[in-house]
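Colleague: Residues in the sequence shown are numbered from 328 upward in steps of one, following my numbering.
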Amino acid sequence: MSVGTILGPLRYRADLRTLMFLSGLNTLFALQWLNMARGCHLLLPTYLLAVVALVIKHNHVHSPTFRAPSWNSGFEIWLSLLTAHPTSGIITSHNVLHHGNNNAEADFVRCSLVRYRNNLANLMTFFFASVAEMYRNKPSDLEEWRSSRPALYRQAIAERVLTYSFLVILVLLDWRSTLKYCAGPWLFAQWVLVTINLLQHQDCDFRSEVDHSRNLTGRIVNWLLLNNGYHTAHHMFPSAHWSTLPLIHERVVEPRLDPSLNEPFLWLCVWRRFIVGKDWQGARA
Ligand SMILES: [Zn+2]
328 MSVGTILGPL RYRADLRTLM FLSGLNTLFA LQWLNMARGC HLLLPTYLLA VVALVIKHNH
388 VHSPTFRAPS WNSGFEIWLS LLTAHPTSGI ITSHNVLHHG NNNAEADFVR CSLVRYRNNL
448 ANLMTFFFAS VAEMYRNKPS DLEEWRSSRP ALYRQAIAER VLTYSFLVIL VLLDWRSTLK
508 YCAGPWLFAQ WVLVTINLLQ HQDCDFRSEV DHSRNLTGRI VNWLLLNNGY HTAHHMFPSA
568 HWSTLPLIHE RVVEPRLDPS LNEPFLWLCV WRRFIVGKDW QGARA
């Protein structure tokens, strides 16, 4: 069997894991919403996979999952429905503003948005500060794309129409189940994905070529979050496929990186920086 046959329409074999995670989330949503299976044991994987789905969306807008544009377009619509948020909606805020102006004034997820004296308060409120900033400076990307990128414009409109219609149908059919089994994981996932920016960039050196980001190097966290722990490598090579990030980290990043910016455990990093406030340089208001 040739490599092409094994991969099918995928560009990278590693994305079989991507498809497994999304199928798992789709199944969990369907089982619970249709009341075919419910219980606390299903909530944890649903919340976790809702976060993973947003990580997948992030990976996909940097490096398309499939070879053919039509497959990518269908995949983006599936991602939009699974996360209740249009996939193209992150292109300006993330790819353009965060990657193009990391932690500068134009970046909606810059760490300076929160300046409480307690770093746990910063962690808890960062999402709300970032969303408020996004709404204050809402980019007019749709208008721009209409003339400059007509294919993306059509895709963005299709995603919005389908996502919002799907949401209205879900609510009309069973608003209680939609609120309980879908809205909770969707909002939690958005909170995590925005808040993780604080962990990845707080107290980093944005003038440095490598020390602009904090990395999570644990195996389990990277297996689950598709190597998104290797954040320096991702910022240095944003279009590199996620499966190549550990090698880039090892060969290019690690020899030059400040070792304190390598964190083996997510929970330990959260505990030290945000709960006990150790290693945090403090609010610089
Ligand atoms: Zn990115």
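Beta carbons: idealized from backbone N, C-alpha and C, even for Gly.
Only a predicted model underlies this, so the values are computations on that prediction, with no experimental measurement involved.
Taking all protein chains shown into account, decide if Val-521 is buried (16 or more other Cβ within 10 angstroms of its Cβ) or exposed.
Modeller: The residue you call residue 521 lines up with position 194 of the sequence shown. By the 10 Å Cβ count, Val-521 comes out buried.
Colleague: Quick check: does the Cβ of His-412 come within less than 7 angstroms of any heavy atom belonging to ligand 1?
Modeller: Taking the sequence shown and counting its residues from 1, the one referred to as residue 412 is at position 85. Checking the Cβ of His-412 against ligand 1 gives no.
Colleague: In the structure shown, what three-state DSSP assignment does Phe-454 receive?
Modeller: By one-based count along the sequence shown, residue 454 stands at place 127. Note: Phe-454 maps to helix in three-state DSSP.
Colleague: Would you please state the rounded distance, in angstroms, between the beta carbons of Leu-406 and His-387? I believe it to be under 8 angstroms.
Modeller: Here the question's residue 406 lines up with position 79 in the sequence shown. Here the question's residue 387 lines up with position 60 in the sequence shown. Right, the Cβ-Cβ distance comes to about 7 angstroms (below 8 angstroms), so this counts as a contact.
Colleague: Below 7 angstroms, is the gap between the Cβ of Pro-396 and the nearest heavy atom of ligand 1?
Modeller: Taking the sequence shown and counting its residues from 1, the one referred to as residue 396 is at position 69. Every heavy atom of ligand 1 is 7 angstroms or more from the Cβ of Pro-396, so no.
Colleague: Once the 5 residues before and after Leu-358 are set aside, which same chain residues still bring their CB inside 6 angstroms of it?
Modeller: Here residue 358 is taken as the residue at index 31 of the sequence shown, counted from 1. Ala-364.
Colleague: Does any heavy atom of ligand 1 sit closer than 7 angstroms to the C-beta of His-387?
Modeller: Residue 387 sits at position 60 when you count from the first residue of the sequence shown. It does not: the Cβ of His-387 is nowhere closer than 7 angstroms to a heavy atom of ligand 1.
Colleague: Using three-state DSSP, classify Asn-399 as helix, strand or coil.
Modeller: Counting from 1 along the sequence shown, the entry for residue 399 is found at position 72. If DSSP states are grouped into helix, strand and coil, Asn-399 belongs with the helices.
Colleague: Count the other CB atoms within 10 Å of the CB of Lys-384; is the residue buried (16 or more) or exposed (fewer)?
Modeller: Here the question's residue 384 lines up with position 57 in the sequence shown. Counting Cβ neighbours within 10 Å, Lys-384 comes out buried, since at least 16 surround it.
Colleague: Cβ of Pro-582 within 7 angstroms of any heavy atom in ligand 1?
Modeller: By one-based count along the sequence shown, residue 582 stands at place 255. Pro-582 Cβ: outside cutoff for every heavy atom of ligand 1.
Colleague: When the Cα of Ala-377 is compared with those of Ser-587, Trp-518 and Arg-541, which residue comes out closest?
Modeller: Residue numbering aside, residue 377 sits at position 50 when the sequence shown is read from its first letter. Selected option, being the one with the closest Cα: Trp-518.
Colleague: Rounded to whole angstroms, how far is the Cβ of Trp-607 from the Cβ of Asn-446, which I believe are closer than 8 angstroms?
Modeller: Translated into positions along the sequence shown, residue 607 becomes position 280. Translated into positions along the sequence shown, residue 446 becomes position 119. With 8 angstroms as the limit, Trp-607 and Asn-446 qualify as a contact, their Cβ atoms being about 5 angstroms apart.
Colleague: Report yes if the C-beta of His-576 is less than 7 angstroms from at least one heavy atom of ligand 1; otherwise report no.
Modeller: Along the sequence shown, read from residue 1 onward, the residue named residue 576 stands at position 249. Outside the cutoff, so no.
Colleague: What does a CB cutoff of less than 8 angstroms around Ala-612 pick up in its chain, not counting 5 residues either side in sequence?
Modeller: Within the sequence shown, residue 612 is the residue found at index 285, counting from 1. The predicted position of Ala-612 is uncertain, since its pLDDT is 42 and thus under 50; no value can be drawn from it.
Colleague: Short of 6 angstroms in beta carbon distance, which residues of its chain neighbour Tyr-508, apart from the five on each side in sequence? Order them along the chain.
Modeller: Mapped onto the sequence shown, residue 508 falls at position 181. Closer than 6 angstroms at Cβ, skipping near neighbours: Gln-359 and Trp-360.
Colleague: For Leu-337, name the three-state secondary structure that DSSP assigns.
Modeller: In the sequence shown, counting from the first residue as 1, residue 337 sits at position 10. In the structure shown, Leu-337 sits in a strand (DSSP, three-state: E or B).
Colleague: Which of the three DSSP states, helix, strand or coil, is assigned to Ala-612?
Modeller: Taking the sequence shown and counting its residues from 1, the one referred to as residue 612 is at position 285. The predicted position of Ala-612 is uncertain, since its pLDDT is 42 and thus under 50; a value taken from the coordinates is nonetheless stated next. Looking at Ala-612 - three-state DSSP - the assignment turns out to be coil, as it is neither helix nor strand.
Colleague: If you measure between the beta carbons of Phe-402 and Ser-420, is that distance less than 8 angstroms?
Modeller: Position 75 of the sequence shown, counting from 1, holds the residue named residue 402. Position 93 of the sequence shown, counting from 1, holds the residue named residue 420. It is not a contact, given that the beta carbons lie outside the stated cut-off.
Colleague: Per the DSSP calculation, Glu-460 is bridged to which residue(s)?
Modeller: If you number the sequence shown from 1, residue 460 lands on position 133. Glu-460 pairs with nothing; no bridge assigned.
Colleague: Exposed or buried, which one is Asp-342 when buried takes at least 16 other CB atoms within 10 Å?
Modeller: Here residue 342 refers to the residue found at position 15 of the sequence shown. Buried: at least 16 other Cβ atoms inside 10 Å.
Colleague: Do Asn-554 and Leu-588 have their C-beta atoms within less than 8 angstroms of each other?
Modeller: As a first step, residue 554 must be located in the sequence shown, where it is residue number 227. As a first step, residue 588 must be located in the sequence shown, where it is residue number 261. In this structure, Leu-588 does not lie closer than 8 angstroms to Asn-554 by Cβ.
Colleague: Please name the residue, chosen from Arg-338, Trp-594, Arg-503 and Val-548, that lies closest to Asn-399 on a Cα-to-Cα basis.
Modeller: Numbered from 1 along the sequence shown, position 72 holds the residue referred to as residue 399. Looking at the Cα atoms, Arg-338 is the closest of the given residues.
Colleague: List the residues that DSSP assigns as beta-bridge partners of Arg-543.
Modeller: Reading the sequence shown from its first residue, position 216 is the one you call residue 543. Note that residue 543 corresponds to Leu in the displayed sequence, not to Arg. Paired residue(s): Glu-590.
Colleague: For Phe-493, which of helix, strand or coil comes out of DSSP?
Modeller: Locating residue 493 in the sequence shown gives position 166, where the first residue counts as 1. Three-state result, Phe-493: helix.
Colleague: Looking at His-562 and Thr-490, is the spacing between their C-beta atoms short of 8 angstroms?
Modeller: For this step, residue 490 is matched to residue 163 along the sequence shown. For this step, residue 562 is matched to residue 235 along the sequence shown. Result no, Cβ atoms of Thr-490 and His-562 do not sit closer than 8 angstroms.
Colleague: Going along the chain, which residues of its own chain have a beta-carbon closer than 8 angstroms to the beta-carbon of Lys-605, five neighbours each way excluded?
Modeller: Locating residue 605 in the sequence shown gives position 278, counting from the first residue. Arg-599, listed in sequence order.
Colleague: Smallest Cα separation from Phe-533: which of Pro-391, Ile-404 and His-426?
Modeller: For this step, residue 533 is matched to residue 206 along the sequence shown. When each option's Cα is compared against that of Phe-533, the closest is His-426.
Colleague: Would you mind reading off the limits of the alpha helix (DSSP H) that contains Trp-598?
Modeller: Residue 598 sits at position 271 when you count from the first residue of the sequence shown. That residue, Trp-598, is in no alpha helix (DSSP H); it is neither H nor E in DSSP.
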